[in-house]
Amino acid sequence: MASPRGITLYHSPASRAFTAYWMLEEVGVPFDVKTVDIRKGEQKAPEYLKLNPAGKVPTLRDGEVVVSENPAIAIYLADRYSYGRLAPKIEDPERGEYLKWMVYATAVVDPVAFLHSKEIDVSGFSAGFGTFDDMVEVLSALLMERKHLLGDRFTAADVVLGATVSVLLHRQVLPEVAALVDYNGRLTARPAYQRAADATWPSSLMHPA
Ligand SMILES: N[C@@H](CCC(=O)N[C@@H](CS)C(=O)NCC(=O)O)C(=O)O
1 MASPRGITLY HSPASRAFTA YWMLEEVGVP FDVKTVDIRK GEQKAPEYLK
51 LNPAGKVPTL RDGEVVVSEN PAIAIYLADR YSYGRLAPKI EDPERGEYLK
101 WMVYATAVVD PVAFLHSKEI DVSGFSAGFG TFDDMVEVLS ALLMERKHLL
151 GDRFTAADVV LGATVSVLLH RQVLPEVAAL VDYNGRLTAR PAYQRAADAT
201 WPSSLMHPA
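Following our numbering, the numbering of the sequence shown begins with 1 at its first residue and continues without gaps.
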């Protein structure tokens, strides 16, 4: 289903906006792209801050609806345009686990991996995101048994968490354990992933923001 109002994605090359771009490609709705070059500081321009006061990419606009934060963008798009396919329905027992992995991606994986990449490893007891090793173990154990986060079925949670895993493997922040490498291989083989990567990861920008 195409948006009756017109979708615009505000993104910057080689950034976390890749996740939202990939999500739009998986959903298959037409969308426009506006580049907000974070390397030139355009994310702090007053007009953009009206859309996203955090001054970060991505931001999605769908008519009067404005959404930022990758999990929120993915949940919005999947519920609105791919309900029952990329989003388990409300009454589906898998909906709970789907939401958990959505949140886990940016509440746990992203921050604990960022700190680990800076050689900061804090005690898991007091940190909301736990330890880096626990996060790797949780994902590896799950993906050793499952093709995707919910099993055989690919959902929007695989886009959000999978994009994070993919970038972190590429940057050699995550260890190359077989379960994660194989999962990443299944994700990168998807035509929608490849279209998003071709559009948003120019080879000249090897180091993501
Ligand atoms: N929690 C946000 C993270 C977005 C984010 O960190 N974006 C970075 C680029 S990868 C950004 O816009 N940085 C520019 C800045 O903070 O000035 C999400 O999941 O969407």
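Backbone N, C-alpha and C fix where the C-beta goes; we use that ideal spot for every residue, glycine too.
From a predicted model like this one, the values you see are computed outputs, not experimental measurements.
Complete runs of the alpha helix (DSSP H) confined to the region 63–102 [at least 4 residues]:
70–81
Check R171 in the structure and name its three-state DSSP category.
coil
Strictly by DSSP, which residues pair up with T35?
H11
Evaluate the contact criterion for the region 49–62 versus the region 114–126: three or more CB pairs, one atom per stretch, below 8 Å.
no
For Q43, is the classification buried or exposed, using 16 other Cβ atoms within 10 angstroms of its Cβ as the cut-off for buried?
buried
Taking its Cβ as the centre, do 16 or more other Cβ atoms sit within 10 Å of P210, making it buried, or is it exposed?
With the chain running from 1 to 209 in the structure shown, residue 210 is simply not present.
Beta carbon of A87, beta carbon of M23: below 8 Å?
no
So what does DSSP say about M206, is it helix, strand or coil?
In this prediction, M206 scores a pLDDT of 48, lower than 50, which makes its location untrustworthy; no coordinate-derived value is stated.
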